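Inspection log for the structure reproduced underneath, given as structure tokens.
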């Protein structure tokens, strides 16, 4: 410490001696705090919650769905009157102040004596301006983790000491990128891949406009948790990627000749986007070639277009029974849990009810998640009463059931939900809510198994911090994390030639593939069985 800041007259031993008393973060009730004799304006971090997320963040939908992140935190005062958090408790908005100056021990307090609550942080201050800015971001991120991270032991380490160590490591650096790398390194010690920081540029890329328009190639990509490879989750129907023949499971190797080793999903998605009319070259390894086949397929000059990314597509499947009776099944594909997902699903159901639909298939296969609130809103469309939708577990181990309040389902027609290994996060919350409350039969394959909830906070420098703030269990208290949900009925994913009298009537997009999707055929059979049981009773 002396060699880094010889004029400061203090040492790290002094910092350590005051750590147990000084590194205490409390809420600060004023927007202005005094540092020595000058005023430093501090704006509260815009941390998300169930209630305020739609105002602070916009639609999350583009080439990436960020590692199946559910960008919501719990808030016990939700604006949605249909939801309630039982047992009290919440992940409340927190505010972490910071002070960076040429002193090793810095104290900061609110200017009002009545509101004086102190935060003392000691660190060597970089003379490189851009690194100094990231030092401030480090303190801000560290404080948010300290207050809200789901594991209060911070992966069994001294979190206060970790701040000091990271500050010392950051001090000699000369670039912001290298400094952000130190923050990422600090966060990695938590042992949670979903808690991370992204740069201001990546965060702006992450926030796609709520009008649902994207300028890109129409790919959903994700990081495969075991290998770390960037893989294609799905393509938007009719998009440039879809027309080029890119398929689910393909591994993304290069973008414009740049290898993607070590690049996260946000950065890769940013490279895929761009102005309409421009092109991007991608190199992929076909999904079926992973087992030892080293052949690659190069897609040259994939055009970027303006793409409508509505999360819902729907069709009516017609089935004529041997006795001549014509039944109508409403099919809905939900590709992501965006802000508009619930509203668009309500509209689709209302339209199909008018057309005489008597059963439904909700397809959330390969839906990696999105907004937790959107998942809860979709669940409420199908449920009545005061049902529990999900059980959240906070950092102290308290279980907080999230219940409906006097809910009224839009329809009571039989429902089958299709799931697979690509159904994650909010998809699993929805599947668990509908299944455990006896509303739907699950058909398909075991789901991904992500039972954690993240908050997203925009930091003072425009970067964003993702923090795992809670775990969750299904309404029946089944653990989902790293386990998944096993469906009631398994089905193969092979596309088979249908031998049944199925036809389809499009509402949005094409649905010719529905007639030969074996999982949809199994779902149709399950609905027939439900209807026959209903008739017998």
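In the UniProt record's numbering, the protein residues as written are 1 to 537. Beta carbons are placed, not taken as given, at the ideal position from N, Cα and C, and that holds for glycine. Note that this is a predicted model, so its numbers are computed, not measured.
Query: Beta-bridge partners of residue 258, as assigned by DSSP; Result: 255
Query: At least 3 beta-carbon pairs within less than 8 Å: the segment 341 to 355 vs the segment 397 to 409; Result: no
Query: Cα-Cα separation between residue 357 and residue 194, rounded to whole angstroms; Result: 40 Å
Query: For residue 386, the three-state DSSP class (helix, strand or coil); Result: coil
Query: Given 8 Å, three or more beta-carbon pairs between the segment 227 to 241 and the segment 172 to 189; Result: no
Query: Residue 363 in three-state terms, based on DSSP; Result: strand
Query: Burial state of residue 275, where buried means 16 or more other Cβ atoms lie within 10 Å; Result: exposed
Query: Straight-line gap, residue 362 to residue 440 (C-alpha atoms, nearest Å); Result: 9 Å
Query: Distance between residue 476 and residue 399 (C-alpha atoms, nearest Å); Result: 12 Å
Query: DSSP state of residue 128 mapped onto helix, strand, coil; Result: coil
Query: Which listed residue (393, 233, 262 and 387) has its alpha carbon closest to that of residue 434; Result: 387
Query: Under 8 Å between C-beta atoms of residue 426 and residue 342; Result: no
Query: CB of residue 370 within 8 Å of CB of residue 348, strictly; Result: no
Query: Where residue 532 falls: helix, strand or coil (DSSP); Result: helix
Query: For residue 481, the three-state DSSP class (helix, strand or coil); Result: coil
Query: Backbone secondary structure at residue 539 - three-state DSSP; Result: Given a span of 1 to 537 for the chain in the structure shown, any question on residue 539 remains unanswerable.
Query: Three or more C-beta pairs below 8 Å linking the segment 126 to 142 and the segment 461 to 471; Result: yes
Query: Given 8 Å, three or more beta-carbon pairs between the segment 411 to 429 and the segment 173 to 188; Result: no
Query: Candidates 479, 528 and 247, of which the one nearest residue 449 by Cα; Result: 479
Query: Residue 573 burial status per 10 Å Cβ neighbour count (16 or more: buried); Result: Only positions 1 to 537 of the chain appear in this structure, which leaves residue 573 out of reach.
Query: Beta-carbon proximity of residue 410 to residue 364, cut-off 8 Å; Result: no
Query: C-beta atoms of residue 302 and residue 252 nearer than 8 Å; Result: no
Query: Cβ shell of residue 306 (< 8 Å), same chain only, five flanking positions each side left out; Result: 213, 214, 215 and 276
Query: Counterpart residues of residue 474 in DSSP-defined beta bridges; Result: DSSP, once it has assigned bridges, lists no residue as partnering residue 474.
Query: Per DSSP, cross-strand counterpart(s) of residue 380; Result: Bridge partners of residue 380: none, in fact.
Query: Close Cβ partners of residue 359 (< 6 Å) along its chain, the five nearest in sequence each way excluded; Result: 329, 413, 414 and 527
Query: Test item: CB-CB of residue 309 and residue 246 under 8 Å; Result: no
Query: For residue 445, the nearest candidate out of 191, 520 and 437 (CA to CA); Result: 520
Query: Closest by C-alpha distance to residue 431, when choosing among 468, 471, 367 and 248; Result: 367
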